[in-house]
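Here is the structure we will look at, set down as structure tokens.
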Amino acid sequence: MKNKIIIGVIALLVILGIVGFTYYQKIFAPAVTKNGALFITSNSSMQDLTLQIKEFVNDPNDFSWVADIKKFTKPKSGKYALKEHMSLNDLVNLLRSGNQTPVKVIFNNQDSLEKLAGRIAQQIETDSISLLNAFRDNDFLKKNNFTEKSVLSIFIPNKYDVYWNSSPEKFRNKMLNYYNKFWNEDRIAKAKKQGLTKEEAIVLASIVQKETAQVSERPTVAGLYLNRLHDKWTLDADPTIIYALKQVHGQDFIVKRVLKKYLEIKSPYNTYKNGGLPPTLIAMPDISAIEAVLNPEKHNYYFMCASVDKIGFHEFARTSAQHGRNAAKYHSWLDKQGIKL
Numbered sequence: 143m144k145n146k147i148i149i150g151v152i153a154l155l156v157i158l159g160i161v162g163f164t165y166y167q168k169i170f171a172p173a174v175t176k177n178g179a180l181f182i183t184s185n186s187s188m189q190d191l192t193l194q195i196k197e198f199v200n201d202p203n204d205f206s207w208v209a210d211i212k213k214f215t216k217p218k219s220g221k222y223a224l225k226e227h228m229s230l231n232d233l234v235n236l237l238r239s240g241n242q243t244p245v246k247v248i249f250n251n252q253d254s255l256e257k258l259a260g261r262i263a264q265q266i267e268t269d270s271i272s273l274l275n276a277f278r279d280n281d282f283l284k285k286n287n288f289t290e291k292s293v294l295s296i297f298i299p300n301k302y303d304v305y306w307n308s309s310p311e312k313f314r315n316k317m318l319n320y321y322n323k324f325w326n327e328d329r330i331a332k333a334k335k336q337g338l339t340k341e342e343a344i345v346l347a348s349i350v351q352k353e354t355a356q357v358s359e360r361p362t363v364a365g366l367y368l369n370r371l372h373d374k375w376t377l378d379a380d381p382t383i384i385y386a387l388k389q390v391h392g393q394d395f396i397v398k399r400v401l402k403k404y405l406e407i408k409s410p411y412n413t414y415k416n417g418g419l420p421p422t423l424i425a426m427p428d429i430s431a432i433e434a435v436l437n438p439e440k441h442n443y444y445f446m447c448a449s450v451d452k453i454g455f456h457e458f459a460r461t462s463a464q465h466g467r468n469a470a471k472y473h474s475w476l477d478k479q480g481i482k483l
């Protein structure tokens, strides 16, 4: 009888050991089958999460079981980096903690708030309309001394670490914080040295941005416009004419050639008719354009014209006579290309 009891106890212990080991394996053994990223939306349920988990674990029911044991009942939105061989215990702890991984948000020279919002919405959870409303929020604009047109200046093209589930307001505020850090005392002092405020430097940088895509040429272009500004000449900047035309005819209006009739457009952005800088930026300048304005090339150029010998670059001139020859050469080239409008 005693032997039977001993055998029974041993058998029970073995069974308990097997069950315990099985449960231990489910909880602590490697379970995630591959590296990857899990994106959990703000309205995801545990059922939704379990469906997503199928991509990363062999048995999502085991995940649900471990989640129940650990009382994990409400997913926290965000992007989570999963590593191969993670246990279900580690996986549940990660998702329950909300310790998400930032995404890299990148944008380059979007011409309008609408285009910017669309670009950002492709990279984080929120939609473009919500972003646009946050950018145009009257309280935000008033508090920070921006308008709907000037607020584009806070978005400096770069690569940013942003949480995927960031609200439109958090994203906007992050950009404002970066803008304020970017415009440090050194850069503001450099702008002042050129006779510009921070806001004026951004406006001029936007013109430089649109005038040339060649980063190496931007300090020369910036120096030219500063020469004209300092000597009280009109800027005569074609990009401002194109901007004014698009304000009237819509963003889809295509200008391949700036005609003389376009120079008569009535607009505060017509720098052939109005002295000084236009009232706001005409595009989103990147850092190279801003730095070109803050660190311009010193020269005696007052005129420039697109080059026909080095496409994408410009010919610079000190006198109107030199410029006239460059312009005649360029217009002749346009005629040969059949570019009339």
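For the sequence shown, the working numbering gives the first residue as 143, with consecutive numbering after it. Don't be surprised by glycine CBs; every beta carbon is placed ideally from N, CA and C.
| Asked | Found |
| --- | --- |
| Inter-residue spacing [alpha-carbon to alpha-carbon] between residue 470 and residue 476 | 10 Å |
| Exposed unless 16 or more other CB atoms sit within 10 angstroms - verdict on residue 295 | buried |
| Exposed unless 16 or more other CB atoms sit within 10 angstroms - verdict on residue 293 | buried |
| For residue 228, the three-state DSSP class (helix, strand or coil) | coil |
| Presumed contact (8 Å Cβ cut-off) between residue 321 and residue 349, rounded CB distance | Not a contact, Cβ separation roughly 19 Å. |
| Paired residues, beta bridge with residue 171 - DSSP | None; residue 171 has no bridge partner. |
| Between the CA atoms of residue 300 and residue 227 - distance to the nearest angstrom | 35 Å |
| Assigned secondary structure, residue 397 (DSSP; H/G/I helix, E/B strand, else coil) | coil |
| Proximity to residue 363 [Cα-Cα], best of 179, 351, 277 | 351 |
| Secondary structure of residue 457, DSSP reduced to three states | strand |
| Cα-Cα separation between residue 453 and residue 329, rounded to whole angstroms | 32 Å |
| Same chain only: Cβ atoms within 7 Å of residue 174, ignoring 5 sequence neighbours per side | 198, 199, 224, 225, 226, 227, 228, 233 |
| For residue 300, the three-state DSSP class (helix, strand or coil) | strand |
| Pick from 254, 169, 315, 368 that is closest to residue 291, judged by C-alpha positions | 254 |
| Cβ-Cβ separation, residue 238 to residue 205 (assumed contact under 8 Å), whole Å | Contact flag wrong, Cβ pair sits at about 12 Å. |
| Three-state secondary structure assigned by DSSP to residue 414 | coil |
| Residue 469: CB within 6 Å of a non-hydrogen atom of the ligand MG | Summarising the ligand content, the structure contains no ligands, and the ligand MG is consequently not present. |
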